[in-house]
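To start, the structure itself, in structure tokens.
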Amino acid sequence: MTTEEKLKHFMDVTTQKVNEENAEALEEYENGLNKVFEDYKENATRRAELSLKLKEESLIKKKNAEVARRQMEIREETGRLQKELTEKIFAEVKGKLERYMGTGDYERYLIAQVRAAKDFAGDDEILIYIDPADIDKKNSIAAAANTTVMVSKYGFGGGIRAVIKSRGILIDQSFETKVKEAAEGFVFHL
4 MTTEEKLKHF MDVTTQKVNE ENAEALEEYE NGLNKVFEDY KENATRRAEL SLKLKEESLI
64 KKKNAEVARR QMEIREETGR LQKELTEKIF AEVKGKLERY MGTGDYERYL IAQVRAAKDF
124 AGDDEILIYI DPADIDKKNS IAAAANTTVM VSKYGFGGGI RAVIKSRGIL IDQSFETKVK
184 EAAEGFVFHL
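Residue numbering for the sequence shown follows this note's numbering, beginning at 4 and increasing consecutively.
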């Protein structure tokens, strides 16, 4: 084998060896890049899913907050309207009571209430009061019920009040109290 042939053979073997090493290194490099790329894709997918989940949760929280805010507004508006309607209803009730107080039925009602209070007291002393607005009915009520009737110093919207001191009892049949109790117990059913 000549030197040239030896050199060519050496060159071929060396080139083949270098090409094999280069191919092996290139394959390792490609495998490394592929692994890095797969890891990157996996992390990017995980981050994207997490970001999407966080955005969904944020939107749900915002929606829930908006729903809660709107429900509160509706409750406040409903409460305001109920209060307004209740005030109108009881203003109408008071107007009807005032008209009723100008009738003979009202005077008969007062006489019946005075008699009922007197019967309840039995033999105990009872002080019976009528509203100052009913002063014109005092004598006829006292005569019809056969008892003493006094005019209260304080207005109570009609009706009667009576006191049985010996038993510590207040009989309150005043319209003011009845309207107040009705208003406190009044509930709208929607």
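Just so it is clear, CB atoms sit at the ideal spot from N, CA and C, and this is done for glycine as well.
Next item on the list: Quickly, what does DSSP pair Gly162 with across the bridge? List them, please.
Entry: Partner(s): Ser177.
Checklist line | Exposed unless 16 or more other CB atoms sit within 10 angstroms - verdict on Gln176 | finding: Gln176 should be labelled buried.
Check: What do you get for Arg164, buried or exposed, if any count of 16 or more other CB atoms within 10 angstroms of its CB means buried?
Finding: Counting other Cβ atoms within 10 Å of its Cβ, Arg164 reaches 16 or more and is therefore classed as buried.
Note to self: Just to confirm my understanding: we take Ala147, look at its own chain, exclude 5 residues before and 5 after, and list those with CB closer than 6 Å. What are they?
What the structure shows: Ile114, listed in sequence order.
Margin query: For Glu52 and Glu59, I'd like the C-alpha separation in whole angstroms.
Written below: Computed Cα separation, rounded: 10 Å.
Next item on the list: Can you have a look at Gln75 and say buried or exposed, based on whether 16 or more other CB atoms are within 10 angstroms of its CB?
Entry: Reading the sequence as shown, one finds Met at residue 75 and not Gln. So Met75 counts as exposed.
Check: What residue does the alpha helix (DSSP H) around Ile77 start on, and which one ends it?
Finding: Segment Thr6 to Tyr103, the alpha helix (DSSP H) holding Ile77.
Notebook entry, point to check: With distances taken from CA atoms, which of Val166, Val16 and Val21 is nearest Lys121?
Noted result: Looking at the Cα atoms, Val166 is the closest of the given residues.
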